[in-house]
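Under full-length UniProt numbering, the residue at position 100 of the sequence shown is numbered 100, and the numbers go up by one with no gaps. Contents: one structure, followed by commentary.
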Amino acid sequence: MTKKEREKMAKDMEKQKKQAAKEKAEELRKRRREHQRMMDDELRKAKEEEREEKRRRRKEEEETRRRERAVRESEEGSRTSRKSRKDDDIKKKTQSSLAELHMLNLDENELRSRQEEAELALIKKRYLGIDKMERDDEKRRKLQKPSEKFRNIFNFEWDNSEDTSKEETNELYRNRVQPQLLFGRGFIAGVDVREQKKKNNFYDKLSEERQKLGIASGVTMVESSTGRKSRSSQMMMDSDDDSDYGTLGKGTHWSEKKSSEMTKRDWKIFREDMKIYLRGGRVPIPCRTWAESPLPVELLKAINEVGYIRPTPIQMQAIPVAMEQRDLIGVAETGSGKTAAYMLPMLTYVNALPALDNVTAEDGPYGIVMAPTRELALQIEEEGHKFSKFSRAKVASIVGGRGSELQAMTVRGCEIVIATPGKLNDALEKKYTVLNQCFYVVLDEADKMIDMGFEG
Numbered sequence: 001m002t003k004k005e006r007e008k009m010a011k012d013m014e015k016q017k018k019q020a021a022k023e024k025a026e027e028l029r030k031r032r033r034e035h036q037r038m039m040d041d042e043l044r045k046a047k048e049e050e051r052e053e054k055r056r057r058r059k060e061e062e063e064t065r066r067r068e069r070a071v072r073e074s075e076e077g078s079r080t081s082r083k084s085r086k087d088d089d090i091k092k093k094t095q096s097s098l099a100e101l102h103m104l105n106l107d108e109n110e111l112r113s114r115q116e117e118a119e120l121a122l123i124k125k126r127y128l129g130i131d132k133m134e135r136d137d138e139k140r141r142k143l144q145k146p147s148e149k150f151r152n153i154f155n156f157e158w159d160n161s162e163d164t165s166k167e168e169t170n171e172l173y174r175n176r177v178q179p180q181l182l183f184g185r186g187f188i189a190g191v192d193v194r195e196q197k198k199k200n201n202f203y204d205k206l207s208e209e210r211q212k213l214g215i216a217s218g219v220t221m222v223e224s225s226t227g228r229k230s231r232s233s234q235m236m237m238d239s240d241d242d243s244d245y246g247t248l249g250k251g252t253h254w255s256e257k258k259s260s261e262m263t264k265r266d267w268k269i270f271r272e273d274m275k276i277y278l279r280g281g282r283v284p285i286p287c288r289t290w291a292e293s294p295l296p297v298e299l300l301k302a303i304n305e306v307g308y309i310r311p312t313p314i315q316m317q318a319i320p321v322a323m324e325q326r327d328l329i330g331v332a333e334t335g336s337g338k339t340a341a342y343m344l345p346m347l348t349y350v351n352a353l354p355a356l357d358n359v360t361a362e363d364g365p366y367g368i369v370m371a372p373t374r375e376l377a378l379q380i381e382e383e384g385h386k387f388s389k390f391s392r393a394k395v396a397s398i399v400g401g402r403g404s405e406l407q408a409m410t411v412r413g414c415e416i417v418i419a420t421p422g423k424l425n426d427a428l429e430k431k432y433t434v435l436n437q438c439f440y441v442v443l444d445e446a447d448k449m450i451d452m453g454f455e456g
């Protein structure tokens, strides 16, 4: 093929392409116009249907209004006819009543006055119901109450000779026991307090009887400033006295009883004397001495070596609760032994678990103690070393002022870790330690840590 033929062929192909594109565009325009026409038709139909619906509704409303108007007109017509009938009846009645009263032959003025009086009487009868009221009064007079009907038959009044409460033969009813509210310190509302104080001498008599019995058996009692015997200063008995403590009128102080002999009342008095206040249910009994505590032998040996002779009130109650592995909040003043109150149960818990080795040490410590300041954390660590002297548990601290690598080496393999919140967070972020197996957490001075925002 020559060059001219090729150019001609290319021009023909280009013309064909343009022609095809024009035909395609024309086809699209036709389709769009057809679609637009269909949409316009649908819109027109919808508008016509809407207009038709409005016309139909308007016709229905007009029809209902027409019906209501017709009903109203019929009611008004019936009402007017009824009224006219009533007026006719009233005229007939007035004429008949006038004929009965012989008023038709009277002069005009007298006839009018009597007619007005008769109309007024009819109005009163109609609207005031005078006849009905008179009939009701007559019925009421005729009816008689059951109490009036049998008033003269039965007599329910008692004679004074029939009163058996004056000479009561039963001892319980003759000497009635007065209620002793708040162990004699309370009063009944609505009754004069001075009169109650005069009559309420139950505890005075009881204390006098006990004092007499105590003097007879060689027992002394201390009298309080109010004149009543203080419950906390009960019988102080000699330890060599072998007399029977269970006799009537004699009591034994809780310090002279064994733990198994203590009653609920004794434990209540003991807690009041030690100023132990509780909130919560199923609280275990406190331990009065270290021998009564549920601590193991190695911890009791460490306590004896430290020189703790007797537990403090917070330790008496907190240790039994913590030994049951229950959540606990303890509030006590500074220097009351709170550190030992949570450290001893924690050491008992840790000693019952397997010792940490190279594998289990990677999961972190068993218990953690958080303190707000560096000084307090070091003090807790020192106390922990004292109590863990005879046990295999290891105690370490994470505080500021030390090298991070040295602390990481020290903490690894320790069962109990003591730290400030900031340093503990830093150690966890740097992966010096983890808390995968930490099930015992103590927050010492939690109020200060909350005020500081757990930073330190």
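Note that the Cβ used here is the ideal one computed from N, Cα and C, for glycine as well.
Test item: CB-CB of residue i and residue j under 9 Å
| i | j | result |
| --- | --- | --- |
| GLN437 | THR360 | yes |
| VAL321 | VAL369 | no |
| ALA393 | VAL434 | no |
| LYS430 | SER404 | yes |
| LEU356 | GLY413 | yes |
| PHE187 | GLN180 | no |
| PRO365 | GLU298 | no |
| MET274 | MET316 | yes |
| TRP290 | TYR308 | yes |
| SER260 | ARG288 | no |
| GLY330 | VAL441 | no |
| MET419 | THR410 | Checking the sequence shown, residue 419 turns out to be Ala, not Met. Going by C-beta atoms, ALA419 is not nearer than 9 Å to THR410. |
| ASP444 | LYS338 | yes |
Neighbourhood of residue i by C-beta distance below 8 Å, restricted to the same chain and skipping five residues each side
| i | result |
| --- | --- |
| GLU53 | none |
| VAL306 | LYS386, PHE387 |
| GLN178 | LYS199, ASN200, PHE202 |
| GLU49 | none |
Contact set for residue i: own chain, Cβ-Cβ below 6 Å, skip 5 residues either direction
| i | result |
| --- | --- |
| LYS448 | PRO372 |
| SER336 | THR312, ILE314 |
| ASP363 | ASN436, GLN437 |
| residue 467 | No answer is possible for residue 467: the residues shown for the chain start at 1 and end at 456. |
| GLU292 | SER259 |
| GLN115 | none |
Any non-hydrogen atom of the ligand MN closer than 8 Å to residue i Cβ
| i | result |
| --- | --- |
| LYS301 | This structure simply doesn't include the ligand MN, nor any ligand for that matter. |
Contacting residues, own chain, Cβ-Cβ under 7 Å from residue i (five flanking each side not counted)
| i | result |
| --- | --- |
| VAL283 | VAL321 |
| residue 457 | Residue 457 is absent from the model: the chain starts at 1 and stops at 456. |
| LEU328 | ALA318, VAL321, ALA322 |
| TRP254 | MET262, ASP266, ILE269, PHE270 |
| LYS301 | PHE390 |
| VAL193 | PHE187 |
| LEU378 | SER397, VAL399 |
| LYS18 | none |
| ARG29 | none |
| GLU110 | none |
| ARG55 | none |
| GLY77 | none |
**Q.** Three or more C-beta pairs below 8 Å linking the stretch 371–378 and the stretch 395–402
**A.** yes
Q | Touching by the beta-carbon criterion (3+ pairs, under 8 Å), the stretch 379–395 and the stretch 336–349 | A | yes
Q | Segments assigned alpha helix (DSSP H), at least 4 residues, entirely inside the UniProt domain "Helicase ATP-binding" (319–456) | A | 338–351, 374–387, 404–411, 421–429, 446–451
Q: Could you tell me which uninterrupted alpha helix (DSSP H) segments, each at least 4 residues in length, are contained entirely in the UniProt domain "DEAD-box RNA helicase Q" (288–316), listed from first to last along the chain?
A: 297–306
Q | Runs of beta strand (DSSP E) wholly within the UniProt region "Disordered" (1–94) (minimum 3 residues, chain order) | A | none
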